[in-house]
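Worksheet for the structure shown next.
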Amino acid sequence: MKSSKSLEIFSSILCFVVSFSLLSETKLLNVSYDPTRELYSQINKLFITHWKKQTGEDLVIHQSHGGSGKQARAVIDGLEADVVTLALAHDIETIAEKTKLLSTDWEKLLPYQSSPYTSTIVFLVRKGNPKGIKDWDDLVKPGIGVITPNPKTGGGARWNYLAAWGYAKEKYRSEEKAKIFMKSLYSNVLVLDSGARGSLTTFVQRGIGDVLISWENEAHLALQETAKNQNVEIVFPSVSILAEPSVAVVTKNAEKHNTLKVAENYLKFLYSPEGQETIAKNYYRPTDKKGGVQI
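Structure, rendered in structure tokens:
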């Protein structure tokens with residue numbers, strides 16, 4: 039009888055300890071764009087260790103990924119992100135304007151207009167480049183199968199569009215001719231996935247298309263994954279674009295979750311030497327060439 043009561047008391051204490059531990063564990067949600075899974079998986083591990091040393095607090099960071107525009111819409115529709123790390127500043131501006139969950143001057147709160155790294159747009163082609171694809175003009179030739187995400191849902195897709203548009207405007211010096219060029223390019227697109235990672239899968243794993251218009255980091259990731267088969271290679275077009283993904287704390291959500299301090303420090307960590315080094319290892323271009331910013 040006594041052992042039964044002792045067991046009940048022990049079980050109750052254990053449940054209380056587990057429940058208290060779960061309650062005391064801080065959780066953070068980072069809503070990000072499609073190809074940053076690997077980057078933030080590494081950043082999260084580093085920051086969790088850093089935060090534990092600094093504060094003694096246990097931290098769990100959840101990641102959500104998808105096309106940047108689609109992710110912004112999810113936050114607007116109620117996904118309670120503590121931070122957003124999206125492909126375009128415009129997507130964060132849209133969240134700020136439509137929800138009032140963060141200040142409209144959010145870009146001023148972190149260095150480099152809240153852009154901790156940059157990237158650019160490149161082409162990924164089949165090994166040996168059998169179709170001889172070297173520049174944007176080659177993408178509008180008859181019989182060339184192009185893969186790119188949908189600009190309506192993907193941030194990288196919009197950078198792809200802007201890079202192609204910039205090339206056409208520079209070459210033809212005519213908006214009308216640039217529009218014709220863009221129409222020809224998109225008429226060669228075989229699949230419009232919702233995000234960059236979907237397009238990478240379509241091109242590399244499903245073997246569809248002759249050329250993928252890609253984030254630079256995604257192209258390098260594809261080279262790593264296909265190193266044994268060596269069936270793709272990168273082509274750098276003559277003209278591309280400086281893509282500047284942006285980050286922000288979703289202030290009202292973070293205040294509601296009591297995570298404002300950790301959310302702010304999480305984004306600041308991206309600018310630290312450790313954060314910038316991790317960014318570079320994932321084939322993004324660190325904003326600070328000296329290896330970190332003191333904030």
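If you count the sequence shown from 1, you need to add 38 to reach the numbering used here. The beta carbon of each residue, even a glycine, is placed where N, CA and C say it ideally should be.
DSSP three-state assignment for Ile81, whether helix, strand or coil: helix
Measuring alpha carbon to alpha carbon, tell me which of Val227, Leu124, Leu259 ends up nearest Ile246. Val227
Pairwise C-alpha distance: Glu254 and Ser276: 14 Å
DSSP state of Pro73, grouped into three classes? helix
In whole angstroms, what is the alpha-carbon distance linking Tyr304 and Phe85? 7 Å
Quick one: grab the DSSP three-state call for Pro324. strand
Is the stretch 212-223 touching the stretch 276-286 in the sense that three or more CB pairs, one from each, lie closer than 8 Å? no
Within its chain, find whatever has a CB closer than 6 Å to the CB of Leu177; leave out the 5 residues flanking it on each side and keep chain order. Val184, Leu223
Do you know how far the Cα of Lys172 is from the Cα of Ser153? 30 Å
Restricting to runs no shorter than 4 residues, where is the alpha helix (DSSP H) found entirely within the stretch 81-115? 106-114
Sort Arg75, Asn68, Leu139 by Cα distance to Ala234 and report the nearest one. Arg75
At which residue ranges does the stretch 198-251 contain complete beta strand (DSSP E) runs of 3 or more residues, listed in the order of the chain? 227-229
Can you tell me the Cα-Cα spacing of Glu312 and Trp174, whole angstroms? 36 Å
How many whole angstroms separate the CB atoms of Ser102 and Leu67, which I take to be in contact at a CB cut-off of 8 Å? 7 Å
Bridge partner(s) assigned by DSSP for Ile159: Trp253
Would you mind sorting Asp143 into buried or exposed? The rule is 16 or more other CB atoms within 10 Å of its CB. exposed
Could you tell me which of Lys217, Ala202, Val287, Phe219 sits nearest to Ile251, measuring between CA atoms? Ala202
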